[in-house]
Amino acid sequence: MQSWVDEIKGKVRISEVIRRYVSNIKISGDRMYIACPFHNEKTPSCVVSDERGTFHCFGCGESGDSISFVQKIEKIDFKESCKKIASWYGINLVSNKFEKKDKNVDVFHKINNWFKENLHNNLQAYKYLKSRNVDLDLIKNFELGWIPSFKEVKSFCKSENIGDFELNEIGFKEGILKAFQNRISFPIFSSKNVIGFGARYIPSHYEGSGSGFDNSSTNLEKKRSFIGAENVKSFSKNDANAFVRPKYINSPETKYFKKSKNFYGLNQIKKFQPIALVEGYMDVITMSKRSGNALACLGTSVSDDHINMLKNFTNEVIICMDGDEAGNKATKRILEKVMCHIDGRLRFYVFRFPENEDPDSFMNSNENGWKKILESKEDFISSVWRLFMIKRDSPEEYYNDFKMLMNLVKKIPDQELRKIYASKWKNIWSKEMYENNSRQESYKNSYGGYNSGKRSKYDKSEFSSGLKNKTAPNLGLVYEKALISIVLRFPEVFDHIEEEFLDVAFSNEMKIMKESIIDWIRGGKDVDFFTKKGLDSVVDDCVSDKITQILPFMNYKQFDEKIIESWRFIYKQMKARNK
Ligand SMILES: [Zn+2]
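Here the sequence shown is numbered in full-length UniProt numbering, starting from 1 and rising by one per residue.
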């Protein structure tokens, strides 16, 4: 039973549990106060501490942990309460109970200890770790070890009465064990037990720095070659084809180790502090050396389970993928995943490493690296915008990116948060469009026309002119429809632009709308005015997506000064064109 308590307390924050029952919550600094559900109160006076895992009510004296909280509120017994909480957070109490008696816990432990001892006798591995700036403290904290030859491992196991059955169960089938031989071991922990291993190959000729050995910090791409050991052919010690050896391998999936449910670094994590999400073993280790706090997903993408686990360790996650194209892609995938988990409790940030640097190399060359990361992390809104709005080659593609982003926002479960995020990104979009228009105008003034001057590769500042080219054949008509649709959407604009509006030389196709709009506005803006005049199809045409997509402010909820400026801008474009 104690193992149940450990398991729940190790994986679930009391504040998470309490939020399921209590909505009247006040946050003050690091503390959370709730309106006590055990006595009648309106002002929260029950304090909840994630650090201690307890709650205490100053009003009625009720106190306890997450399990007793659920017990009291649901009027159920201890066991039922544990099961209930476990079911919410995907904790398998049955297997945990089993794990407690499971002799494989000892098998893992014995083997890990033996690996650790072996490292003391392996100068080559020591030199290698030293070259990666891994000192004795780090070796001790992360329990790094050395896995000798297959034969030696087998004979050790024999001496300890560890049979093939146990080895199979912990993921060391013969072929896999062969892939693990002659490597540095990185034990992977659940909250406190070893549940698997990662292992790093070092070449047999390794003699310290200057050997021409390519380490990950100078070659980010190769770091990603770490794969599950089940996919690795076994190699003899002096294999001439050493270059086909993956640098990193990790245990195959077993009943103890699940890639989508485990992190590397869990045993060293400082809870309730910001956590960096990194790619590799060395990233975690070097982060910790610089007082950082990091976890790595093991050769797999971030899963929903990973994110749910993070919620119990921290409020703040900083995505720290490598500074290369693959790292950007990984960040993008994580942000996409995060979208379904936005609930205001876990905040996500991105830290952008300099080109071709990873957390390991960055931390090694920056003594204050962790401080730098905390200070200059990029917020969620900006990082999503940067990574999702990239196709600037053509206005259509750029607009498609925007539409895809708006679709992604729909994944945010909370309706209000969804609205807030959508409006944040819509605002950036509007701002960009508006700035582009202004820039375009000054461009025009200085060069005397859009088609003069050099137009090299398409970039953001030429967004509008790019659009202009695409729609060139009907541009005059597009402008007219745009002017009309703005007035239809925001009739308030009319007072400001009446003079110019009357001045517009509309084409025959739109002349009828010019007259009708004036009548419509002066006549009190009847809702069925245009229908009565048989102008529905013309109105639809003016407010169609084709037109409104170039007018981002059409999404504005309220009339705004910018709308007047935009109307005038289009008007001036038309005038210039008709000259
Ligand atoms: Zn109370």
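Idealized CB from N, CA, C, for every residue including glycine.
For clarity, every value in this text was computed on a predicted model and none was experimentally measured.
Serine 45 has its CB nearer than 8 angstroms to a heavy atom of ligand 1.
Taking C-beta atoms as the reference points, aspartate 414 and isoleucine 342 count as a pair closer than 9 angstroms. Classified as buried, asparagine 182 has 16 or more neighbouring CB atoms from the shown chains inside 10 Å of its CB. One Cα belongs to lysine 372, the other to glutamate 51, and the distance between them is close to 26 angstroms. When C-beta atoms of the stretch 19-36 are compared with those of the stretch 285-296, fewer than three pairs fall below 8 angstroms, so the two segments do not count as touching.
Here the stretch 473-483 makes no contact with the stretch 520-529; the two share fewer than three CB pairs at distances below 8 angstroms. If you ignore the 5 residues before and after lysine 426, its C-beta comes within less than 7 angstroms of the C-beta of Asn555, all in its own chain and listed in chain order. Three or more pairs of CB atoms, one per stretch, sit closer than 8 angstroms, so the stretch 302-316 contacts the stretch 243-262. It is roughly 45 angstroms from the alpha-carbon of phenylalanine 380 to the alpha-carbon of glutamate 166. Per DSSP, the continuous beta strand (DSSP E) segment holding glycine 64 begins and ends at 63-65. Nearest to lysine 271 by C-alpha distance, out of Asn92, Tyr256, Phe257 and Gly292, is Gly292.
Beta-bridge pairing by DSSP links cysteine 57 to Cys46.
Cβ-Cβ distances below 8 angstroms link lysine 42 to Asn24 and Ala35 in the same chain, with the five nearest sequence neighbours on each side left out; the list follows chain order.
Relative to ligand 1, the beta carbon of glycine 64 is positioned no closer than 8 angstroms to any heavy atom. Here the alpha carbons of alanine 276 and aspartate 137 stand approximately 21 angstroms from one another.
In the assembly as shown, glutamate 499 is an exposed residue. Its beta-carbon has fewer than 16 other beta-carbons within 10 Å. By alpha-carbon distance to histidine 39, the top candidate from Ile202, Ser49, Val17 and Lys72 is Lys72.
Ligand 1 never approaches phenylalanine 69 closely enough for any of its heavy atoms to be under 8 angstroms from the residue's Cβ.
One thing to note: serine 251 has its Cβ within 9 angstroms of the Cβ of phenylalanine 197. Note that the stretch 52-61 does not touch the stretch 78-97; fewer than 3 beta-carbon pairs, one per stretch, sit closer than 8 angstroms. Not a single heavy atom of ligand 1 lies less than 8 angstroms from the C-beta of histidine 496. Sequence-distant partners of glutamate 316 (beyond 5 residues in either direction) whose C-beta falls short of 6 angstroms from its own C-beta, in its chain, are Pro274 and Arg347. Residue state for proline 413 is assigned as coil, using DSSP reduced to three classes. For tyrosine 126, the enclosing alpha helix (DSSP H) begins and ends at 123-131. At a Cβ-Cβ threshold of 9 angstroms, glutamate 492 and phenylalanine 553 do not count as neighbours. Residue environment: isoleucine 390 is assigned as exposed (fewer than 16 neighbouring CB atoms within 10 Å of its CB, all protein chains considered). In this structure, the CA atom of serine 376 is about 25 angstroms from the CA atom of valine 409. For cysteine 320, the number of other beta carbons within 10 angstroms of its own is at least 16, and it is reported as buried. Between ligand 1 and cysteine 82, a heavy atom-to-CB distance of less than 8 angstroms is absent. For glycine 53, the Cβ stays outside the 8 angstroms cut-off from all heavy atoms of ligand 1. Judged by DSSP secondary structure, serine 28 falls within the beta strand (DSSP E) whose first and last residues are 25-28.
In the DSSP assignment, phenylalanine 142 falls outside any beta strand (DSSP E), carrying neither H nor E. Between leucine 502 and isoleucine 570, the gap from beta carbon to beta carbon reaches 9 angstroms or more. Taking the Cβ atoms as the reference, leucine 477 lies roughly 7 angstroms from glutamate 509, within the contact range of under 8 angstroms. Leucine 93 places its beta carbon 9 angstroms or farther from that of phenylalanine 189. In this structure, phenylalanine 494 and valine 487 form a Cβ contact; the two beta carbons are roughly 6 angstroms apart against a cut-off of 8 angstroms.
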